[in-house]
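In the working numbering, the protein residues as written are 414 to 886.
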């Protein structure tokens, strides 16, 4: 047996194999090339290169914008550390020349607030191109559905989450859950799973800090192309952390900028709210997203029965009660009533039968942001690479870019269940597929295994990619 070769005996019905590390023309993570090419097709690569051009130290050196895109592709592909970029770097036949780890660390250390703002602008430019491509090839943005009805316009979800750090990092603090880490705040677009904005914060940052919510919302709105930002209703949803006078007033003030904004937020159950719930009699069935009655759940409007001090004019209050599921966290009031109660506040006022059922079901869709955060922690921001807070803030922005690349891949290039799959499934079936590279007639070909179960879906995705209209440069 030659050096570097290992013989594996047959086990049961499995054939005997000889294992060696001398394969040529073979690549792993072949599907990740789809992400890199999509970054080019949407203009993300060129926009990042232009935004960070001032950081390029010499003409023959690595393009800082290309480095940023390579990091975003690696994060979208499931990488958790800068060393994982070796997957791209050591496969130059597939991904081209990729910067070394020290070069990447140097770039991240120079990405200050001004440079991150430039990257945000580049991401906004690519989003505008991606949405235009979506309109031309697939008819435009999909709508969110609630109670069997389409929610008009765009739906933005704000939420924060604790990210645990397992080593000492700058500005990482003890959390209210007695853990240790960061407490970033995010804004996701519910229509197509995009990560519009994020703010890295220390763990002791308040859940309901008005200035942070205002900052993240403004950053998210800046990501939306002008024609959509000014031409569509924009619903901002949050849990009770967003139910502050300053945040709701800020949302209402955006109307002076010709934005059609409204809010739907959770509200605290105070003593006056409990009294209103005690006295409520006009309960009606709650509805599921498909418009069918939800078993064991009822809703009631209590507008006028609770003080609206501090809320914008026209705010409505709707309470929902349902039989608690096993393990549900109940208050003393819930145990007396035998129901679990939740209250929401909104300044949207649709009229007609079933309006409060629609409003309540629409707000309940905010729970999907928990899935966005959960999968986002598997896509970059569940683990931060540095002890330096500024580098981790830069990493967060690149993680948001990676999440966008996955969202654009699904909405522009994929069909069927893969278009709705979570990142883990997408990586297992498409992105991490092995392939063989050959060259002939001055062309490089990527050969996916003929019997790979999702080979045709990947080939079709590359075909869709080739058919996308290219941005004007």
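Ideal Cβ positions, reconstructed from N, Cα and C, are used throughout, including at glycine. This one's a predicted model, so the numbers in the text were calculated from it and none came from an experiment.
Worksheet item: Rounded to a whole number of angstroms, what is the C-alpha to C-alpha distance between residue 567 and residue 752?
Response: 33 Å
Fill in: Chain-order list of residues whose beta-carbon lies under 6 Å from that of residue 873 (same chain, five-residue window excluded)
none
Item to complete: Tell me the start and end of each unbroken alpha helix (DSSP H) in the region 815 to 861 that is at least 4 residues and wholly inside, in chain order.
Response: 836 to 839
Fill in: Supposed contact pair residue 646 and residue 565 - C-beta distance, whole angstroms, cut 8 Å
5 Å
Fill in: Candidates 733, 582, 726 and 705: closest to residue 712 by CA position
733
Discussion item. Using 8 Å as the threshold, is the C-beta distance between residue 633 and residue 569 below it?
Written reply: yes
Worksheet item: Within this structure, are the beta carbons of residue 851 and residue 815 separated by less than 8 Å?
Response: no
Discussion item. Taking only three categories from DSSP, how would you classify residue 607?
Written reply: strand
Discussion item. Three or more C-beta pairs under 8 Å: does that hold for the region 452 to 466 against the region 529 to 543?
Written reply: yes
Worksheet item: If residue 448 sits next to residue 822, beta carbons under 8 Å apart, how far is it from one beta carbon to the other, in whole angstroms?
Response: 6 Å
Fill in: For residue 490 and residue 844, believed in contact at Cβ under 8 Å, the rounded distance
5 Å
Worksheet item: Where does residue 650 land, buried or exposed, given buried means 16+ other C-beta within 10 angstroms?
Response: buried
Fill in: Local conformation of residue 461 per DSSP, three classes
helix
Practice prompt. List the whole-angstrom C-beta distance separating residue 356 from residue 812, where the pair is believed to meet the contact cut-off of C-beta under 8 Å.
Written response: Outside the modelled stretch of the chain, which goes from 414 to 886, sits residue 356, for which no answer is possible.
Discussion item. Just to confirm, is the Cβ distance from residue 562 to residue 771 under 8 Å?
Written reply: yes
Worksheet item: Quick one: Cα of residue 575 to Cα of residue 585, how far?
Response: 11 Å
Discussion item. Within the continuous beta strand (DSSP E) that includes residue 797, where are the two ends?
Written reply: It is not in any beta strand (DSSP E) - residue 797 carries neither H nor E in the DSSP assignment.
Item to complete: Inspect the CB distances between the region 784 to 801 and the region 695 to 712 and report whether three or more fall short of 8 Å.
Response: no
Fill in: Nearest-angstrom beta carbon gap, residue 692 and residue 718 [assumed within contact, 8 Å]
7 Å
Discussion item. I need the straight-line Cα distance from residue 602 to residue 476, nearest angstrom please.
Written reply: 30 Å
Discussion item. Residue 620 and residue 587 - do their beta-carbons sit closer together than 8 Å?
Written reply: no
Item to complete: Might you give, ordered along the chain, the residues of its own chain that have their beta carbon closer than 8 Å to the beta carbon of residue 549, omitting 5 neighbours on each side?
Response: 882
Worksheet entry | Nearest-angstrom Cβ-Cβ length linking residue 596 and residue 614, presumed shorter than 8 Å | 5 Å
Fill in: Where the beta strand (DSSP E) through residue 646 begins and ends
646 to 651
Fill in: Minimum C-alpha distance to residue 581 - residue among 594, 590, 571 and 572
594
Worksheet item: Within 10 angstroms of its Cβ, does residue 431 collect 16 or more other Cβ (buried), or is it exposed?
Response: exposed
Worksheet item: Does DSSP put residue 522 in a helix, in a strand, or in coil?
Response: helix
Discussion item. Measuring straight from C-alpha to C-alpha, what distance separates residue 736 and residue 810?
Written reply: 41 Å
Fill in: Coil, strand or helix - residue 724 by DSSP
coil
Practice prompt. Find the nearest neighbour of residue 666 within the set 725, 541 and 690, judged by alpha-carbon distance.
Written response: 725
Worksheet item: Just curious, the beta strand (DSSP E) that residue 754 is in, first and last residue?
Response: 753 to 759
Worksheet item: Which parts of the region 671 to 721 are runs of the beta strand (DSSP E), unbroken and 3 residues or longer, counting only runs that do not cross its ends?
Response: 673 to 680, 697 to 700 and 706 to 714
Item to complete: State the Cα-Cα distance for the pair residue 730 and residue 716, rounded to the nearest angstrom.
Response: 5 Å
Worksheet item: Looking at the structure shown, is residue 559 part of a helix, part of a strand, or coil, going by DSSP?
Response: strand
Worksheet item: Does the region 834 to 849 come within contact of the region 468 to 486, defined as at least 3 CB pairs closer than 8 Å?
Response: no
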